[in-house]
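This report concerns only the one structure given below.
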Amino acid sequence: MTTPRTETATSPVTPSSSRFRMFVGIGGGNAMEWFDWNIYATFAAFFAPQFFHSGSSVSDLLKTLAVFAVGFVARPFGGFLFGRLADRRGRRPAMALSVGLAAVGSLVIGLTPTYGTIGSWGAVVLVLCRLAQGLAHGGELPSAQTYISEVAPPHRRGLWSSLIYFSGTLGIVAGTLLGAVLSSILTTPQMDSYGWRIPFLVGGVFGLFTLYMRAKMQETETFTAAAVATKDGRPRDSLVKKMWERPALLFRVIGITVGATVVYYVWAVSAPAYAISVRGVPATGALWAGVFANLVFLIALPVWGIVSDRIGRKPVLIFGSLMLIILLFPLNAIIKGQPWQLFVAMAVALVLIGSFASIGPAVYAEMFPTGIRAAGLGVPYSVAVAVFGGTAPYLQTFFADRHLPNSFNWYAIGLMAISIITVVFMPETKGRDLRDPEPTR
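Under the UniProt record's numbering, the first residue of the sequence shown is numbered 1, with each subsequent residue one higher.
The following block contains the structure:
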């Protein structure tokens with residue numbers, strides 16, 4: 001085993017003249033895709049009766065949420081398809097295509113005629129759009145994570161990688177706020193008729209703008225150098241073959257992700273809805289508690305990135321995961337029906353979740369060689385998110401409905417323990433040279 005190289009200050013970084021375009025392109029596209037992902041669930045109750053005709057509002061909503069789940073099923077396929085594109089043709093075209101596909105899906109949802117106009121075809125279009133958005137979302141994260149990690153200065157890679165979840169959280173907050181504004185200025189019949197279309201059209205138009213910005217971005221020098229090195233007449237190995245030659249890395253990504261994705265989706269995404277339905281927190285108060293807690297999350301993300309650049313990735317990952325294990329039961333116990341209790345619990349949880357959400361893109365990128373970096377992290381990451389993150393809110397509600405809330409907490413703690421064990425036995429990745437052919441072997 002050889003010791004991987006550490007990058008020096010002379011490693012290539014993005015010229016300052018193009019950084020603004022790069023940050024807008026990456027951050028804007030990522031925010032737009034998370035915005036789209038969030039508004040579907042936020043506005044589902046309004047447009048469910050427009051596409052499904054069962055006569056039962058609950059049945060219509062369940063069908064609409066089932067379509068939402070289709071997006072999670074598509075994510076691993078998006079991780080492979082866009083990851084393969086990013087590793088073969090470049091990070092930039094993969095990011096441009098992913099945001100373009102997501103934007104088109106959003107626009108089509110916003111413009112699709114309802115059941116009363118085209119019958120069941122409206123629901124078919126909805127399913128196809130969610131499939132497209134699931135593919136795009138599955139491809140966005142590995143492509144964008146790889147890009148930002150490869151262009152970041154080596155000594156600031158942790159900080160720069162925090163842009164991924166920082167921008168994604170901005171998209172979630174924007175979607176939630178837009179829902180609150182529209183619900184307050186439009187009547188329920190207006191929301192049912194056309195109000196629900198507005199956020200999808202806004203997201204689609206903004207997505208096309210970020211597509212333009214991404215088309216103007218430069219390819220990473222790390223990928224360009226690797227691409228030039230392969231143009232010497234030697235046949236390329238299959239991407240799948242290269243990935244399966246490194247099963248330890250694939251399982252390492254899953255091990256790191258399983259605990260993180262469960263606590264993220266429970267606390268950052270579904271906590272307000274859970275507090276409303278199970279803990280009796282007033283809806284309006286829960287909404288604002290979620291918004292303000294996510295603002296605390298935004299502050300924590302770059303801080304954790306800076307800390308990891310100073311002391312390493314492993315101490316940050318282990319500390320955040322260990323503290324969540326210790327505090328998971330107390331944080332759940334705090335929420336007894338008041339919005340401020342939900343805010344405190346969410347804020348503390350999200351500060352700790354920020355320890356791995358912030359630096360995750362850097363850690364994943366530092367694990368893989370350039371030739372399989374996007375697909376290598378994209379496929380196992382998307383599988384872990386789909387299987388564990390996508391089902392977490394449902395399982396939490398399922399156990400609570402059967403008066404077994406502690407069962408879900410133990411489930412989450414078990415997954416967090418798996419993540420800690422995985423991190424303990426992985427090598428430190430801070431400062432890894434991303435041009436190294438085998439950065440962690």
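No residue lacks a Cβ here, since even glycine has one placed at the ideal position from N, Cα and C.
Find the nearest neighbour of residue i within the set the options, judged by alpha-carbon distance.
i           : options                        : result
Leu287      : Phe206, Thr176, Pro369, Trp196 : Thr176
Phe80       : Leu328, Arg373, Asn406, Gly168 : Arg373
Gly431      : Gly371, Gln50, Glu150, Met217  : Glu150
residue 450 : Glu219, Gly371, Leu331, Arg156 : An answer regarding residue 450 cannot be provided, because it is not within the stretch 1 to 441 covered by the chain.
Glu219      : Phe388, Asp36, Val125, Thr146  : Thr146
Phe398      : Thr187, Gly312, Val266         : Val266
Ala174      : Phe292, Arg130, Val383         : Phe292
Pro153      : Thr222, Lys216, Val424         : Thr222
Ile325      : Ile118, Arg435, Met416         : Met416
Ala132      : Ser120, Gly90, Arg88, Ala74    : Ala74
Phe425      : Thr370, Ala248, Ser18, Gly280  : Ala248
Phe166      : Pro302, Asn409, Phe388         : Pro302
Starting from the C-beta of residue i, find all residues in its chain whose C-beta is less than 8 angstroms away, skip the five residues before and the five after it, and write them out in chain order.
i      : result
Ala94  : Phe82, Gly83, Leu85, Ala86, Gly139, Ser143, Ala374
Tyr274 : Val266, Pro393, Gln396, Thr397, Ala400
Ile359 : Gly158, Ser161, Ser162, Trp304, Gly305, Ser308, Arg313, Val316, Leu317
Pro235 : Note that Pro235 scores 45 on pLDDT, short of 50, meaning its location in the model is unreliable; the coordinates nonetheless yield the value given after this. Closer than 8 angstroms at the Cβ level, and outside the excluded window around Pro235, lies no residue.
Are the beta-carbon atoms belonging to residue i and residue j less than 8 angstroms from one another?
i      : j      : result
Pro113 : Gly105 : no
Val263 : Ala386 : no
Leu163 : Phe23  : yes
Ile318 : Ile420 : yes
Ala96  : Arg214 : yes
Gly171 : Trp34  : yes
Ala300 : Gly354 : yes
Gly78  : Ser270 : no
For residue i, which residues in the same chain have their Cβ closer than 6 angstroms to its Cβ, ignoring the five residues on either side in sequence?
i      : result
Ala9   : With a pLDDT of 41 at Ala9, under the threshold of 50, the predicted position of this residue should be treated as unreliable, and no value is reported.
Ala362 : Ser149, Arg157, Gly158, Ser161
Ala345 : Leu331, Ile334, Ile335
Leu208 : Ala103
Phe356 : Ala260, Leu317, Gly320
Ile276 : Ala283, Ala286
Asn294 : Thr169, Val173
Gln50  : Thr114
Could you pull the start and end residues of the alpha helix (DSSP H) that residue i belongs to?
i      : result
Met213 : 197-215
Glu245 : No alpha helix (DSSP H) holds Glu245; DSSP gives it neither H nor E.
Glu391 : Residue identity differs from the one stated: residue 391 is Thr in this sequence, not Glu. Premise fails: Thr391 is in no alpha helix (DSSP H) and is neither H nor E.
Glu219 : Neither: Glu219 is in no alpha helix (DSSP H) and is coded neither H nor E.
Gly134 : 121-151
Lys314 : 313-334
Arg279 : Taken as a continuous stretch (DSSP letters only), Arg279 belongs to no alpha helix (DSSP H), as it is neither H nor E.
Val423 : 405-424
Using a Cβ-Cβ cut-off of 7 angstroms (strictly less than) and excluding sequence neighbours within five positions of residue i, which residues of its own chain qualify?
i      : result
Thr422 : Arg252, Gly255, Ile256
Gln190 : none
Thr210 : Gly25, Gly28, Gly29, Met32, Val99
Pro380 : Leu250, Val253, Ile254
Leu135 : Ala74, Phe77, Gly78, Leu81, Leu101
Cβ-heavy atom distance between residue i and the ligand COA below 7 angstroms?
i      : result
Ser149 : Among the components of this structure there are no ligands whatsoever, and the ligand COA is therefore not found.
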